[in-house]
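Novice: I am attaching a structure below and will ask some questions about it afterwards.
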Amino acid sequence: MKSFLNGYFRLLQFALTALMILLIVPVSLQIFSSYVGFIPRYIWTEEMARFCFIWIVLVGSIIAVREGTHFTVDLLPTASTERQVGLWNLFADFSIFLTAMVFLIWGWDFVASSLYQTSEMADMPMVYIYAGWPIAGVSYIIFLAEKTAKNIKLIRSTE
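5 is the number of the first residue of the sequence shown in this note's numbering; add one for each residue after it.
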């Protein structure tokens, strides 16, 4: 399972890098076409940049869940023992799990509603964009399961 998770994580990192590079193309076309007269003003570039940005946010958040670099709010007091660290991590991960369930449950409805929609400018099926939410939800849950196992080991090792 560990090798699968590491492989999936590397795939996500590659996808994030590719999306960042892909984002540069339509944004550069937009910028250059506004200043240079011989480059036509492409309408689809704004839409493609927006779609890339959506996927960058979703893939980046999945990576952040695995690495534990996501934004956390200090609602709980600073942990003074390893056991408390594990318990606080479980609490934070449970909050992310709730978000994952929202992405998963309502994400499927989102995808189902987009099956016959296409984007206006690029004429791209919108299901390719909306599929990111349930994929993010499943990915969060997979990586949270890994983190939960580590936190339970941490809690048990300090009892």
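Idealized CB from N, CA, C, for every residue including glycine.
Taking 8 Å as the limit between beta carbons, can you name the residues of its chain near Ala17, skipping five residues before and five after?
Specialist: One detail in the question is off: residue 17 reads as Gln in this sequence, not Ala. Closer than 8 Å at the Cβ level, and outside the excluded window around Gln17, lie Ile67.
Novice: State the CB to CB distance for the pair Leu94 and Ile60, rounded to an integer number of angstroms; the pair is presumed to be in contact (CB under 8 Å).
Specialist: Not quite, the Cβ-Cβ distance comes to about 29 Å (not below 8 Å), so this is no contact.
Novice: Using 8 Å for Cβ pairs, my map puts Ala135 next to Val115. What's the rounded Cβ distance?
Specialist: 5 Å
Novice: Just to confirm the assignment, what range does the alpha helix (DSSP H) spanning Thr85 have?
Specialist: Taken as a continuous stretch (DSSP letters only), Thr85 belongs to no alpha helix (DSSP H), as it is neither H nor E.
Novice: Select from Arg45, Glu71, Ile109 the residue whose C-alpha is nearest the C-alpha of Gln34.
Specialist: Comparing Cα-Cα distances from Gln34 to each of Arg45, Glu71, Ile109, the minimum goes to Arg45.
Novice: In the structure shown, what three-state DSSP assignment does Pro129 receive?
Specialist: If DSSP states are grouped into helix, strand and coil, Pro129 belongs with the strands.
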